[in-house]
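Q:
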Amino acid sequence: MELKGNLSEKDGVFSCSEACDHMLACGNHACRDVCHPGPCGECDLMPGKVTACHCGKTRLLEKRESCLDPIPTCEKVCDKKLPCGVHRCKVTCHDGECPPCVVRVEQRCRCGSSGQMVECYKVLEEEFHCNKPCGRKKNCGRHRCSECCCPLSKPFAQLEGGNWDPHLCQIPCGKKLRCGQHGCQLLCHSGHCPPCLETIFNDLTCACGRTSIPPPLPCGTPTPSCPHQCLVPQPCGHPASHQCHFGDCPPCVVPVMRECIGGHVMLRNIPCGSKDIRCNQPCGKNRQCGIHACTRACHPAPCDAPPANGDASSSTGSRASCGQVCGAARRECKHTCTAPCHPSSPCPDLRCEFPVTITCSCGHITATVPCGAGGASNGDNMFEISIIQKLPVPLQPVESDGRRVPLGQRKLSCDEDCAKMERKRALAEAFDITPPNLDALHFGENSNASDLLSDLFRREPKWVLAIEERCKFLVLGKTRGNSSGNLKVHVFCHMMKDKRDAIRLIADRWKLSVQAAGWEPKRFITIHVTPKSKPPARILGSKPGVPVTASHPFFDPLVDMDPRLVVAMLDLPRDADVSALVLRFGGECELVWLNDKNAVAVFNDPARAATALRRLDYGSAYQGAAVFSPSGSAQPGNIWVGGQKDGALATKSSANPWKKATASEPDLSSGDWTGVPGHAPPASVWRRGGDTVAQVMGTSNRWNVLESDAATSSRDEENKPAPRADAGSSAGPSAAPPVSKMQPEIEVDDWEEACE
Numbered sequence: 052m053e054l055k056g057n058l059s060e061k062d063g064v065f066s067c068s069e070a071c072d073h074m075l076a077c078g079n080h081a082c083r084d085v086c087h088p089g090p091c092g093e094c095d096l097m098p099g100k101v102t103a104c105h106c107g108k109t110r111l112l113e114k115r116e117s118c119l120d121p122i123p124t125c126e127k128v129c130d131k132k133l134p135c136g137v138h139r140c141k142v143t144c145h146d147g148e149c150p151p152c153v154v155r156v157e158q159r160c161r162c163g164s165s166g167q168m169v170e171c172y173k174v175l176e177e178e179f180h181c182n183k184p185c186g187r188k189k190n191c192g193r194h195r196c197s198e199c200c201c202p203l204s205k206p207f208a209q210l211e212g213g214n215w216d217p218h219l220c221q222i223p224c225g226k227k228l229r230c231g232q233h234g235c236q237l238l239c240h241s242g243h244c245p246p247c248l249e250t251i252f253n254d255l256t257c258a259c260g261r262t263s264i265p266p267p268l269p270c271g272t273p274t275p276s277c278p279h280q281c282l283v284p285q286p287c288g289h290p291a292s293h294q295c296h297f298g299d300c301p302p303c304v305v306p307v308m309r310e311c312i313g314g315h316v317m318l319r320n321i322p323c324g325s326k327d328i329r330c331n332q333p334c335g336k337n338r339q340c341g342i343h344a345c346t347r348a349c350h351p352a353p354c355d356a357p358p359a360n361g362d363a364s365s366s367t368g369s370r371a372s373c374g375q376v377c378g379a380a381r382r383e384c385k386h387t388c389t390a391p392c393h394p395s396s397p398c399p400d401l402r403c404e405f406p407v408t409i410t411c412s413c414g415h416i417t418a419t420v421p422c423g424a425g426g427a428s429n430g431d432n433m434f435e436i437s438i439i440q441k442l443p444v445p446l447q448p449v450e451s452d453g454r455r456v457p458l459g460q461r462k463l464s465c466d467e468d469c470a471k472m473e474r475k476r477a478l479a480e481a482f483d484i485t486p487p488n489l490d491a492l493h494f495g496e497n498s499n500a501s502d503l504l505s506d507l508f509r510r511e512p513k514w515v516l517a518i519e520e521r522c523k524f525l526v527l528g529k530t531r532g533n534s535s536g537n538l539k540v541h542v543f544c545h546m547m548k549d550k551r552d553a554i555r556l557i558a559d560r561w562k563l564s565v566q567a568a569g570w571e572p573k574r575f576i577t578i579h580v581t582p583k584s585k586p587p588a589r590i591l592g593s594k595p596g597v598p599v600t601a602s603h604p605f606f607d608p609l610v611d612m613d614p615r616l617v618v619a620m621l622d623l624p625r626d627a628d629v630s631a632l633v634l635r636f637g638g639e640c641e642l643v644w645l646n647d648k649n650a651v652a653v654f655n656d657p658a659r660a661a662t663a664l665r666r667l668d669y670g671s672a673y674q675g676a677a678v679f680s681p682s683g684s685a686q687p688g689n690i691w692v693g694g695q696k697d698g699a700l701a702t703k704s705s706a707n708p709w710k711k712a713t714a715s716e717p718d719l720s721s722g723d724w725t726g727v728p729g730h731a732p733p734a735s736v737w738r739r740g741g742d743t744v745a746q747v748m749g750t751s752n753r754w755n756v757l758e759s760d761a762a763t764s765s766r767d768e769e770n771k772p773a774p775r776a777d778a779g780s781s782a783g784p785s786a787a788p789p790v791s792k793m794q795p796e797i798e799v800d801d802w803e804e805a806c807e
């Protein structure tokens, strides 16, 4: 409280919070301050203290003599701050307190969700509450606040003074404690209830009373576990095999022999207390119809529900239907009756809907139609007409004897394809031609895959057998001049998508790994052997009972990739760097990674492939499953030695322009570059002579890519082309014409730059 005057520290005072009302020193006015100690002070209306009007904007011209003299007012606006602290008084200078603030402002509710327009002075006088319930969870996390206009309904809201917390749950918890006997006495809370604080002062004993725990014990202590055997006698007479317990005894577990609940078999080693023993065999008992046997698994009697009191069959004594399908053979078509069991009436004469397959006379065209036998109709109805319209070909006419022939017993008419197949069959019999056996493609695999291979085998049997031979050699054959540790891989030539899919299917039969690379139309397939590779159940082209042997298939340009375009990189070390291949030949080849340490690079130009083979540190000659025909001059074990002839190309080996390249790289692959004794070294491959190389592939010289650019420099000086022999004019090594100029005149250090 405010102190006025001197106050001794020994004097104890307190304020009653009422107005003082002591007479001031002027003797005219009373003190309006709150109860305070000490003197009240001077009057605030004394002439010496008041020097201006009430608003304080105009000074007094006449001097006042006493505190009772009135204070004059001026004509100016008061402009004092009102109690709201926001607005100012708009009344002319006046005596006493300013009037209440009547400016209309928006008053927000306590939760802030709604508001109303009121006079400004009412905002301080009364608080506005809306009718919106809070709905947020209280501190217990279980109950929700139902307070209207709750100040904590807004997110992150906090209490501003006061001790009232609307979100403090006041509901008693009442949950059962862990002891299971007493309830929680706390207010509703989150988390587990505290342990029970009660104490037990009685002994805790087991069911038989031979084991006990003395008091005192905390409430909720479990009963002691008794190690003794249960003393309750068993209803079956067997001794109890379980320990002392509370409640009913478990079923007896002594193994005995019991009959199943359906009376089919006697089962051994069944626990004595087991009930509802079933053998899982069909019931087999006669149903109430007297015709069918119960098809349910072993079950308790009865097989049929008892008839109701109002059932007609029970009153007349006739047999009731069991609900199963009749299954009796029909007279018209020998199919079974599909109507529900009808023991007291014959099978209904309905049209048979069993699907049957009808064919033409030769069996080439087939269609599935409903049997159509039976029924009261004697002619084709709309249903039969709609089915006939959907058939691929018309039906064969039948003799009109007044009876209706069902659809399932009629035949389709043959078309032009049937006639063509009949002519082919007659020609095949005349010329003793055996058609390809398509049964080898069907051995339980995917039906779609079998259909695709069967269709392709009919159209191109030689191509399919060629793919099969290459897969067989990879799995069962031994690569010549190749160690057993190297990976067996084969690269197929560019082909269309349907043939690539066929290669995938054939390779899957042999469990070979398949990779596709390249872009259309030069997309190709590579296959290689894995530890899971094995022969299929049936091998195409092999006869039953004949041992399967794998020999080198011969090169076919329609199946195999040109081996000069492929560079193998097998058994790469862990620190191998193939960046030279990527940087130097990145746009000229397709790099196919077979696994983490084996890869092949397929080029578009054999010259670039030879450059890569010479420049790469880990490159080696590619050896696929196919080799060249022995009738040619190339050796089967080395596909890089092409077009060699005995004595024809062994001359002038010292003047070979590629001697620097071959001398720097002796024997790139063990045993593959040396050829076969009696033949020229691989360096003679680069000589001209299209007729010699033509015998390798069966076409024109396949080394033209190398000799076309290398021979340009020599022809520029001679100004005339070198004589060449026709590839088709020679039939063997002795028929090759002599070559006038066998080698170019210029030796280069880098033949790659010369070819460019």
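Using this note's numbering, you'd call the opening residue of the sequence shown number 52 and step up by one each time.
Glycine included, every Cβ here is placed at the ideal spot set by N, Cα and C.
Bear in mind that the values here come from a model prediction, so they are computed numbers and not experimental data.
#1: When burial is assigned at 16 or more other CB atoms within 10 Å of the CB, is residue 570 buried or exposed?
#2: Starting from the C-beta of residue 252, find all residues in its chain whose C-beta is less than 6 Å away, skip the five residues before and the five after it, and write them out in chain order.
#3: Who are the near neighbours of residue 327 in its chain, counting only those whose CB is closer than 8 Å to its CB and skipping five residues on each side?
#4: Taking the beta strand (DSSP E) that residue 310 falls in, what are its first and last residues?
#5: When burial is assigned at 16 or more other CB atoms within 10 Å of the CB, is residue 572 buried or exposed?
#6: Pick out the complete beta strand (DSSP E) segments inside the stretch 501-548, 3 residues or longer, and give them in chain order.
#7: Hey, is the stretch 588-608 in contact with the stretch 645-660, meaning 3+ C-beta pairs nearer than 8 Å?
#8: Any idea what DSSP makes of residue 346, helix, strand or coil?
#9: So, residue 240 versus residue 160, is the Cβ gap smaller than 8 Å?
#10: Do residue 281 and residue 261 come within 8 Å of each other at the CB atom, strictly closer than that value?
#11: Please list the segments of the alpha helix (DSSP H) lying wholly inside the stretch 108-176, counting only runs of 4 or more residues, in order along the chain.
#12: Excluding the 5 residues flanking residue 808 on each side, which residues of the same chain have their C-beta closer than 7 Å to its C-beta?
#13: Measure the beta-carbon distance from residue 248 to residue 272 and round it to whole angstroms, keeping in mind my assumption that it falls under 8 Å.
#14: Suppose you measure from the CA of residue 356 to the CA of residue 338; what does that come to, to the nearest Å?
#15: Per DSSP, residue 578 forms a beta bridge with which residues?
#16: Give the range of the beta strand (DSSP E) segment to which residue 411 is assigned.
#17: Assuming residue 371 contacts residue 358 under a Cβ cut-off of 8 Å, what Cβ separation, rounded to an integer in Å, is found between them?
#18: Among 112, 106, 78, which has the Cα closest to the Cα of residue 97?
#19: Under the rule that 16 or more other beta-carbon atoms within 10 Å means buried, what is residue 674, buried or exposed?
#20: Out of 238, 375, 524, 231, state which residue places its alpha-carbon closest to the alpha-carbon of residue 246.
#21: Counting pairs of beta carbons, one from the stretch 86-103 and one from the stretch 115-123, are three or more of them closer than 8 Å?
#22: Roughly how many angstroms separate the alpha carbons of residue 236 and residue 269, rounded to a whole number?
#23: Nearest to residue 823 by CA position, among 70, 542, 456, 420, is which residue?
#24: Around the C-beta of residue 662, are 16 or more other C-beta atoms found within 10 angstroms, so that it is buried, or is it exposed?
#25: Alpha carbon to alpha carbon, what distance is there between residue 448 and residue 551?
#26: Give me the DSSP bridge partner(s) of residue 377.
#27: Would you give the residue range spanned by the beta strand (DSSP E) that residue 419 belongs to?
#28: Tell me whether residue 281 sits in a helix, a strand or coil according to DSSP, three-state version.
#29: Would you mind stating whether residue 68 and residue 86 have Cβ atoms separated by less than 8 Å?
#30: Check the DSSP bridge columns for residue 641 and list the partner residues they point to.
#31: With DSSP as the reference, label residue 755 as helix, strand or coil.
#32: Under 8 Å by Cβ, that's how I've got residue 199 and residue 218 pegged, so tell me the actual separation to the nearest angstrom.
#33: Please check the pair residue 152 and residue 125, which I expect to be a contact at CB under 8 Å, by giving their CB distance rounded to whole angstroms.
#34: Check the DSSP bridge columns for residue 605 and list the partner residues they point to.
#35: Could you give the residue range of the alpha helix (DSSP H) that holds residue 478?
#36: For the alpha helix (DSSP H) that contains residue 439, what are its first and last residues?
A: Short version:
#1: Stepping through the sequence shown from its first residue, residue 570 is reached at position 519. Answer is exposed; the Cβ neighbour count stays below 16.
#2: In the sequence shown, counting from the first residue as 1, residue 252 sits at position 201. Only 266, 267 meet the Cβ criterion.
#3: For this step, residue 327 is matched to residue 276 along the sequence shown. Excluding sequence neighbours, residue 327 sits near 312, 351.
#4: As a position in the sequence shown, residue 310 is number 259, starting the count at 1. Looking at the DSSP string, the run of the beta strand (DSSP E) that includes residue 310 is 306-310.
#5: Taking the sequence shown and counting its residues from 1, the one referred to as residue 572 is at position 521. Burial call: exposed.
#6: 540-542
#7: no
#8: Here residue 346 is taken as the residue at index 295 of the sequence shown, counted from 1. The answer is coil: DSSP assigns residue 346 none of H, G, I, E or B.
#9: The count along the sequence shown starts at 1 and reaches residue 240 at position 189. The count along the sequence shown starts at 1 and reaches residue 160 at position 109. Contact: no.
#10: In the sequence shown, the residue the question calls residue 261 occupies position 210. In the sequence shown, the residue the question calls residue 281 occupies position 230. No. Outside cutoff.
#11: 171-176
#12: Past the edges of the chain, shown from 52 to 807, lies residue 808, and the structure says nothing about it.
#13: In the sequence shown, the residue the question calls residue 248 occupies position 197. In the sequence shown, the residue the question calls residue 272 occupies position 221. Rounded, the Cβ-Cβ distance is 13 Å, inconsistent with contact.
#14: Here residue 356 is taken as the residue at index 305 of the sequence shown, counted from 1. Here residue 338 is taken as the residue at index 287 of the sequence shown, counted from 1. Whole-angstrom Cα-Cα distance: 10 Å.
#15: Here residue 578 refers to the residue found at position 527 of the sequence shown. DSSP output for residue 578 lists 541, 565 as bridge partner(s).
#16: On the sequence shown, position 360 is the one that residue 411 refers to. Where residue 411 is concerned, there is no enclosing beta strand (DSSP E), given that its DSSP letter is neither H nor E.
#17: Indexing the sequence shown from 1 puts residue 371 at position 320. Indexing the sequence shown from 1 puts residue 358 at position 307. Yes, residue 371 and residue 358 are in contact; Cβ-Cβ is about 6 Å, under 8 Å.
#18: Within the sequence shown, the letter at position 46 stands for residue 97. Residue 97 has its Cα closest to that of 78, out of 112, 106, 78.
#19: Along the sequence shown, read from residue 1 onward, the residue named residue 674 stands at position 623. With 16 or more Cβ atoms within 10 Å of its Cβ, residue 674 is classed as buried.
#20: Locating residue 246 in the sequence shown gives position 195, counting from the first residue. Closest by alpha carbon: 231.
#21: When Cβ pairs closer than 8 Å are counted between the two stretches, the stretch 86-103 is seen to touch the stretch 115-123, the count reaching three or more.
#22: Counted from its first residue, the sequence shown places residue 236 at position 185. Counted from its first residue, the sequence shown places residue 269 at position 218. CA-CA distance, residue 236 to residue 269, rounds to 17 Å.
#23: Beyond the ends of the chain as shown, which are 52 and 807, falls residue 823; an answer cannot be given.
#24: One-based indexing of the sequence shown puts residue 662 at position 611. Buried is the call here.
#25: Walking along the sequence shown from the start, residue 551 turns up at place 500. Walking along the sequence shown from the start, residue 448 turns up at place 397. Going by the C-alpha atoms only, they are around 47 Å apart.
#26: As a first step, residue 377 must be located in the sequence shown, where it is residue number 326. DSSP output for residue 377 lists no bridge partner at all.
#27: To locate residue 419, count along the sequence shown from 1; it is residue 368. 417-421 is the span of the beta strand (DSSP E), which, as asked, contains residue 419.
#28: By 1-based counting over the sequence shown, the position of residue 281 is 230. Of the three classes helix, strand and coil, the one that applies to residue 281 here is coil, per DSSP.
#29: Here residue 68 is taken as the residue at index 17 of the sequence shown, counted from 1. Here residue 86 is taken as the residue at index 35 of the sequence shown, counted from 1. Yes, the Cβ-Cβ distance between residue 68 and residue 86 is below 8 Å.
#30: Taking the sequence shown and counting its residues from 1, the one referred to as residue 641 is at position 590. In the DSSP output, where bridge partners are listed per residue, residue 641 has 653.
#31: Your numbering for residue 755 matches position 704 in the sequence shown. With a pLDDT of 42 at residue 755, under the threshold of 50, the modelled position of that residue is not reliable, and no figure is offered here.
#32: Locating residue 199 in the sequence shown gives position 148, where the first residue counts as 1. Locating residue 218 in the sequence shown gives position 167, where the first residue counts as 1. Contact doesn't hold; Cβ gap of about 14 Å is too wide.
#33: Counting from 1 along the sequence shown, the entry for residue 152 is found at position 101. Counting from 1 along the sequence shown, the entry for residue 125 is found at position 74. So it is not a contact: roughly 22 Å between Cβ atoms.
#34: To locate residue 605, count along the sequence shown from 1; it is residue 554. Looking at the DSSP assignment, residue 605 forms a beta bridge with 678.
#35: In the sequence shown, counting from the first residue as 1, residue 478 sits at position 427. Run containing residue 478: 467-482, per the alpha helix (DSSP H) assignment.
#36: Counting from one through the sequence shown, the residue named residue 439 turns up at place 388. Where residue 439 is concerned, the enclosing alpha helix (DSSP H) stretches over 433-440.
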